[in-house]
Structure formats: C-alpha cells, structure tokens
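A short worksheet on the structure shown next.
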Amino acid sequence: MSEHTEPTTQAPTVEADLPTIVELCKKRGIIFPSSEIYGGFRSQWDYGPLGTELKENVKRHWWRTMVQLREDVVGLDAAILMHPRVWEASGHLENFADPLVECVECHKRWRADHLMEDAGQTTLEGITCPGCSGELTDPKNFNLMFKTFSGPVEDEGNAVWMRPETAQAMFVDFLTIQRTNRLKVPFGIAQLGKSFRNEITPGNFVFRTREFEQMEMEFFVEPGSDEDWHQFWIDERLRWYTELGIRRENLRIREHDEDELSHYAKRTVDVEYYFPDSSLGWAELEGIANRTDFDLKAHEAVSGQDLRYYDQVADERYHPYVIEPAAGATRATLAFLYDAYRVEEAPDADGTLQSRTVLKLDPRLSPYKVAVLPLSKKDTLTPLAKEVYDLCKVRWMTEYDETQSIGRRYRRQDEIGTPFCVTVDFDSLEDRAVTIRDRDSMRQDRVAIDRLVGYLAERLPVC
Ligand code: ATP
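Residue numbers (the numbering used here): 3 to 465.
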C-alpha cells in the first residue's frame with residue numbers, strides 16, 4: 003500500500019467474483035460479448051435491455067447530482083470528432099502513449115510497465131516474454147488514440163482522432179459557454195459520453211475496454227481557491243458512490259505519488275474500488291485532478307484565441323484553475339453490480355430455507371423499479387393485471403411478466419434487482435387489491451389498487 007493511501011478501518015466485503023458477475027450478466031442478458039455470433043470482438047461488450055437501463059441510470063444519477071442539483075454546473079454534449087489540433091494542444095498526440103515491448107520469438111506485444119510491476123522491478127532487466135519466454139525488444143511508445151479520416155480521402159491532411167476523453171471539449175468551449183450562460187467563476191461544465199482508447203490490454207469484463215463511457219466535469223475556479231475546491235470535489239465524489247449504495251469499506255482514496263502525476267496535474271487523487279479476485283484488486287473508478295490552468299493556456303497557445311476569463315468585479319482577466327472529477331460510467335456500472343450482489347438464505351412458501359441471489363441495487367439504479375406479476379396466465383386475471391401495469395409504467399420502468407411459476411418469477415426479479423413485485427391474484431378481482439413484495443425484506447403488503455401508486459411513490463426515490 004502506498005503511504006498516500008488512506009488506512010482502511012474495515013476489510014472489503016465484496017461477495018461476488020468476476021466469473022459470477024459475468025455469468026449473471028450473460029444469463030440475464032445484462033451485458034454480453036459484442037458480435038457474439040462471430041465469436042465476440044476483442045473485449046467489446048453489448049449492453050442488453052437490463053444493462054442499458056442500469057448504465058443509463060448510473061449516468062442519469064451522475065447528471066442529476068452534478069448538473070441538475072447544482073446551480074454552478076451546466077451540461078455539454080460535444081462532437082466526438084474534434085479538430086485535430088485539440089489533441090496537439092492537450093498533449094495527447096505527444097504523451098498519450100503506453101510503452102510496449104515485443105517478443106522477438108512469438109511477436110506478442112506486452113505493456114513494459116505491467117511486466118516490471120509484475121516482476122516487482124523498476125527496469126526490464128532479465129524479463130522475458132510471459133507467453134513463450136522469448137527475448138523482448140526495447141520499449142516503444144504506442145499512441146492510444148484511434149485514428150481515422152474525415153472525408154473520402156485517406157491522407158494525413160484529413161486525419162482525425164476519436165476522442166480519448168470527454169474533457170477537452172469543456173476547455174475548448176469554455177468561453178462560449180461562460181458568456182452565453184452568463185456564468186461566474188467558480189462554475190463547472192459537465193459532459194458524459196463515449197470515449198475511445200486503443201488499449202493494449204483490455205480485459206476484466208467492462209473494466210477496461212477500447213470503447214467506453216465517461217462522466218467528466220471541469221470545475222473552473224479562481225487560482226488560490228483550487229486546493230479547497232479540490233478537496234471539496236474529492237469528498238463529494240466519494241459521497242456519490244456511498245449514497246448510491248457502495249459500501250464504504252469497498253472504496254478508498256489513493257493519492258498519486260509525485261512521479262505518477264500527469265504532466266498537467268498539481269495533485270490527483272483516485273477513488274478506488276476493491277474488485278476481488280480478478281487481477282485488479284483495488285483499482286481506479288475515478289480520478290480527481292487539479293489540472294491548474296494547463297489546458298486553457300495550452301489551447302490558447304495552439305488556437306491563438308485569448309481564453310482568459312474576465313472578472314467584472316475585479317476588472318481583471320485571468321486563466322481559471324480547473325478541478326476535474328473524471329469517472330467511467332461503464333466501470334462504475336461494473337462496481338455497482340459487484341457491490342449489489344448477494345446470496346442469501348431465505349424461506350420459501352413452506353418455510354424451508356432456500357438460497358436466493360439478489361442484486362441489492364439502490365432502487366434509483368435498478369433496471370426495473372416494479373414488476374407486475376399476475377399469479378396465473380388465466381385470461382380472467384389479464385385485464386386487471388394490465389390495468390395495474392398501465393398505472394405503473396407511466397411512472398416507472400415496469401416489467402409485465404406472466405410466464406413460469408410465481409416463485410421463479412420472484413427469483414428472476416431478485417436477480418435483476420427489481421425493488422417491488424406487484425402480484426395480481428384471484429382475490430384481486432373481488433377486493434381490487436394487490437400484493438406488493440419488497441425485494442430486500444421480502445415482506446408482503448396487501449394494498450388497494452387505488453393506493454398502489456402512492457404506496458410505491460413513497461418508497462421509490464425520485465431519479
Ligand atoms: P487507467 O489508469 O485505469 O487506464 P486512467 O487514469 O487512464 O485509467 P482517466 O484518463 O483518468 O483514466 O479516465 C477517467 C476514468 O475513465 C477512469 O477512472 C475510468 O473509470 C474510465 N476509463 C478510462 N479508461 C477506460 C477504459 N479503457 N475502459 C473503461 N473505462 C475507462
């Protein structure tokens with residue numbers, strides 16, 4: 003553990019391992035290999051109906067916390083293909099590279115830094131190919147940006163890069179957004195969306211992929227107030243994860259050592275999650291950096307545009323400092339899945355203990371909030387069950403499911419994290435009431451259909 007890592011008071015308590023999560027995701031169609039009928043495609047993954055909802059909920063909740071509930075942050079949705087000089091100014095063309103070595107025997111490429119880390123060394127001396135023990139070449143830098151061409155002619159003049167992060171648009175559009183929205187420093191610009199990195203070693207399911215989604219915010223502050231704002235955002239971001247259900251002992255804050263800091267950063271802190279038994283262990287969910295005025299000055303130098311902020315009260319122009327909480331939406335989705343996974347002993351209808359798998363997701367993240375389950379498929383129940391479904395679906399993502407036994411349907415809903423199941427039975431035809439089952443306590447309440455929406459609204463947080 004680095005001396006800058008906070009001491010943990012309690013051991014991590016993650017109950018799932020990676021194969022279990024991958025299997026659950028595949029079984030329920032949450033996340034599965036991309037282009038599977040062609041054998042999958044290079045660690046790319048598709049999000050099925052439930053995975054799409056889950057990931058959208060993660061992003062929605064980030065947006066709500068970072069933009070909707072804050073008076074000092076606004077949103078942006080910028081183009082993925084930006085002017086190529088953006089990447090010259092940002093340093094990505096020059097610095098965004100991993101050192102690679104190649105085996106002279108089997109020609110496999112390896113990350114030099116990973117090989118040294120695994121061998122517990124700071125040099126490559128004596129290290130051979132982990133695949134075939136062949137000799138390795140000297141390291142060469144490999145740029146992680148995906149290159150393509152804008153327009154029909156594939157020459158260098160038309161070369162463009164798929165954005166490797168969402169952040170740069172916030173610097174490039176900084177003054178336009180500040181002026182058109184009459185914003186005063188301190189303020190932030192937030193963006194979420196796809197980013198692309200030609201990672202040498204993608205893997206660990208959706209932890210590291212070449213196409214992924216980020217949630218980033220650039221918060222512009224007066225120089226001198228940057229250190230306090232940095233701490234403010236570290237605390238806020240940690241709270242975001244714990245308020246959405248990640249157990250505190252499974253998160254930690256790690257300070258970057260001096261030699262690890264990016265070229266633009268004055269201080270960086272990572273929020274790490276404990277991914278058990280994969281090759282990851284404690285690994286980054288989000289980086290929170292004090293980027294100083296590096297980016298605005300760099301874009302000013304390359305674009306030739308004055309990017310200073312005009313402070314009307316002090317009648318002066320300056321380059322604000324920037325605090326950046328940069329999170330991965332896809333990586334966070336994986337952490338929420340891990341943390342919600344539980345296997346419990348629970349009594350079945352006759353009171354015998356059975357094991358049940360339950361995703362104890364915060365209801366704001368659950369793909370479905372409600373499942374409407376007619377006790378039987380008989381036509382007599384369908385009209386009333388559909389009436390109940392119609393009442394719920396206009397307010398919450400609701401699933402209607404009438405196949406299989408009720409016990410199996412409850413188990414399925416537990417496994418996908420649905421907080422409430424509403425059962426319509428034959429008594430419902432007489433008393434116009436339904437049974438509502440709570441996912442976590444498994445308590446069942448009989449509630450009049452007239453009161454159903456109110457009952458659920460009291461228990462389902464706004465999202
Ligand atoms: P890492 O050290 O894991 O490569 P990074 O420090 O390069 O990550 P940042 O540039 O700080 O990552 O990006 C911010 C966030 O974006 C990361 O904390 C992570 O959650 C997410 N992220 C970055 N690269 C990937 C990837 N290849 N796949 C999935 N998520 C990613």
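Just so it is clear, CB atoms sit at the ideal spot from N, CA and C, and this is done for glycine as well.
- For Phe214, the distance from the CB to the nearest heavy atom of the ligand ATP is below 7 Å.
- For the pair of segments examined, the segment 324 to 335 was found not to touch the segment 391 to 403: the number of CB pairs separated by less than 8 Å stays below three.
- Judged by DSSP secondary structure, Arg413 falls outside any beta strand (DSSP E) and instead within the alpha helix (DSSP H) spanning Ile408 to Glu417.
- Secondary structure at Glu224: coil, using DSSP grouped into helix, strand and coil.
- Counting the other Cβ atoms within 10 Å of the Cβ of Cys131 gives 16 or more, which makes it buried.
- As computed with DSSP, Tyr275 is found in a beta bridge with Leu253 and Ala285.
- Judged by the Cβ position, Glu8 fails to qualify as a neighbour of the ligand ATP at the 7 Å threshold, every heavy atom of the ligand being at least this far.
- Under DSSP, Arg439 shares a beta bridge with Cys423 and Gln446.
- In the DSSP annotation of this structure, the continuous segment of the alpha helix (DSSP H) that includes Leu431 starts and ends at Phe428 to Asp433.
- With respect to the C-alpha of Thr139, the residue from Gln123, Lys149, Leu117 and Asn145 having the closest C-alpha is Leu117.
- Between Glu218 and Phe198, the C-beta gap is not smaller than 8 Å, which leaves the two residues out of contact.
- For Thr22, there is no enclosing beta strand (DSSP E); the enclosing alpha helix (DSSP H) has its first and last residue at Leu20 to Lys29.
- For the pair Trp47 and Ser37, the CB atoms are not nearer than the 8 Å cut-off.
- Comparing C-alpha distances from Pro369 to each of Ser378, Thr178 and Glu417 shows the shortest one belongs to Glu417.
- Residue ranges of uninterrupted alpha helix (DSSP H) with 4 or more members, entirely inside the segment 315 to 374 and ordered along the chain, are 331 to 342.
- Listed in chain order, the non-local C-beta contacts of Asp279 below 6 Å within the same chain comprise Asp19, local neighbours out to five positions each way being set aside.
- A residue is called buried once 16 or more other Cβ atoms fall within 10 Å of its Cβ, and Cys134, having fewer, is exposed.
- For Arg199, the shortest separation between its Cβ and any heavy atom of the ligand ATP lies below 7 Å.
- The segment 283 to 293 and the segment 312 to 328 touch, with no fewer than 3 CB-CB distances between them shorter than 8 Å.
- Of the heavy atoms belonging to the ligand ATP, at least one sits nearer than 7 Å to the Cβ of Arg210.
- For Ala459, the closest C-alpha among the options Trp398, Arg411, Tyr402 and Tyr266 is that of Trp398.
- Taking 8 Å as the upper bound for CB-CB distance, Val162 and Pro86 are in contact here, some 6 Å apart.
- At a cut-off of 3 residues, the continuous stretches assigned as beta strand (DSSP E) that sit fully inside the segment 145 to 197 are 149 to 151 and 161 to 163.
- In this structure, Val436 lies away from Val455, with their beta-carbon atoms at least 8 Å apart.
- Exclusion of Arg269 from the 7 Å shell around the ligand ATP follows from its C-beta lying no nearer than that to any non-hydrogen atom of the ligand.
- Here Asp341 is near Val16, since their CB atoms are less than 8 Å apart.
- Under the three-state reduction of DSSP output, Gly128 falls in the coil class, being neither helix nor strand.
- Per DSSP, the continuous alpha helix (DSSP H) segment holding Phe296 begins and ends at Phe296 to Ser305.
- Note that the C-beta distance between Thr382 and Leu431 is below 8 Å.
- Collapsing the DSSP output to three states places Gly205 in a strand.
- A straight line joining the alpha-carbon of Ile179 with that of Leu185 spans about 8 Å.
- Only exposed fits Arg181, as fewer than 16 other CB atoms lie within 10 angstroms of its CB.
- In the DSSP assignment, Asp120 falls within the alpha helix (DSSP H) that extends over Ala114 to Ala121.
- Taking 8 Å as the cut-off, the Cβ atoms of Gly330 and Gln193 do not count as close.
- DSSP, reduced to helix, strand and coil, places Tyr49 within a strand of the structure shown.
- DSSP places Pro385 inside the alpha helix (DSSP H), whose first and last residues are Thr384 to Lys395.
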